[in-house]
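A short worksheet on the structure shown next.
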Amino acid sequence: LWVPPLTLAILLLVIRRYKDPPWLVPAYYIGITAIFYIITTAVPSINMADLRRGGWSYYKFGIVDWGAIWRTVPSQLALTFFGILHVPINVPNLAMVVQEDNVSINRELIMHGISNTLSGCVGSIQNYLVFVNSVLFMNTGGNSRLAGYLLAAATFGLWVAGPIVIGYVPVMVVGTLIYMLGIELAQEALVSTYGRLYRLEYATIVIIAVVMGVYDFVVGIAVGIGLACLNYVVQTSRREVVSAEFTGTVAESTVRRHPRQRNYLHKAGRQIRVLKLSGYLFFGAYRKMKMIADEVMLMTTQAQ
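Letter by letter, the sequence shown follows residues 1 to 304 in UniProt numbering.
Below, the structure is given as structure tokens:
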């Protein structure tokens with residue numbers, strides 16, 4: 001069952017590489033659905049009951065394994081936690097992909113807060129900006145307010161109609177969409193960033209992707225947080241802590257004084273060593289700063 005969706009997704013990606021009009025993706029999926037029902041209608045030996053039993057169309061929700069859904073609760077909680085932080089992460093990334101400069105993070109945070117408050121008051125789910133879905137929607141022509149209103153109206157219509165509509169959607173259509181979004185997301189995260197990031201940063205992305213794919217989403221988040229902290233410590237410790245070093249004769253006081261006092265301070269300034277620090281001072285940079293300070297003190301002692 002996974003071969004047709006994967007084949008259709010790869011075919012769509014190949015077509016989009018050569019020609020990518022806004023109507024291509026919607027027309028492609030509508031065409032798959034139309035061809036599916038044309039074949040099932042034209043062939044007398046094929047009926048929807050057999051297709052549902054074979055997994056080609058969605059089954060009855062009464063036979064859902066709710067135990068499997070219960071085991072995904074930790075991942076759902078992790079997604080809820082990530083949903084709190086997703087606006088400062090996804091909004092700038094989305095703006096960069098769609099080449100939109102006029103984006104206000106404050107406005108997005110306020111609107112997400114209002115929408116989530118209203119959603120919570122009526123017992124609905126949280127508002128979450130899905131990056132991949134948003135990119136797909138905008139690349140297919142949904143880059144205006146009218147398109148957003150139409151999408152909201154269509155979503156409301158599906159909500160009113162209920163899950164009965166899903167029973168008429170071929171599984172390969174949804175599978176093709178998931179494959180296409182997954183391939184594009186993996187390409188953006190692993191292929192497009194190759195050679196553009198530091199090696200440690202790119203290795204962090206690869207490890208997070210592998211851990212999430214092999215083990216679990218929650219484990220991937222935990223590993224990602226740990227690697228991000230390690231990456232921060234390593235990169236910060238590599239920066240030059242001391243940006244300049246000079247004596248007190250150079251860093252003289254700007255206060256206007258008597259010539260005798262200025263002469264005395266100029267002579268005494270040779271005994272002063274000033275280290276100009278930069279960056280963040282923490283345990284990773286302390287050792288390098290102390291080595292430079294000891295070296296300066298040793299040179300000063302030898303000079304005297």
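Here a beta-carbon is modelled for each residue, glycine too, at the ideal position from N, C-alpha and C.
query	result
Spatial distance of L79 from W70 (CA atoms)	15 Å
Three-way DSSP call (helix, strand, coil) for S115 in this model	helix
Terminal residues of the beta strand (DSSP E) in which L277 lies	R273 to L277
Where A209 falls: helix, strand or coil (DSSP)	helix
Own chain partners of V241 with C-beta closer than 8 Å, once the 5 adjacent residues on each side are dropped	L277, S278, G279, L281, A285, K288, M289 and I292
Beta strand (DSSP E) segment containing A244, residue limits	V242 to T247
According to DSSP, residues forming a beta bridge with S57	P170
Buried versus exposed, by CB contacts within 10 Å (16 or more), M111	exposed
Integer-rounded CB distance, given that W2 should sit under 8 Å from P170	Rounded, the Cβ-Cβ distance is 14 Å, inconsistent with contact.
Cutoff 8 Å; reference D216; Cβ partners in own chain excluding five residues on either side	P74 and S75
N- and C-terminal bounds of the alpha helix (DSSP H) containing L8	V3 to Y18
For T204, the three-state DSSP class (helix, strand or coil)	helix
Same chain, Cβ closer than 8 Å to A186, neighbours up to 5 away in sequence not counted	A209
Straight-line Cα distance separating V296 from L265	21 Å
The ligand GDP heavy atom lying under 7 Å from the CB of T140	Among the components modelled here there is no ligand, and therefore nothing to report on the ligand GDP.
Integer-rounded CB distance, given that G141 should sit under 8 Å from P5	Rounded, the Cβ-Cβ distance is 24 Å, inconsistent with contact.
Alpha carbon of Q99 to alpha carbon of F131, nearest angstrom	14 Å
CB of V160 within 8 Å of CB of L200, strictly	no
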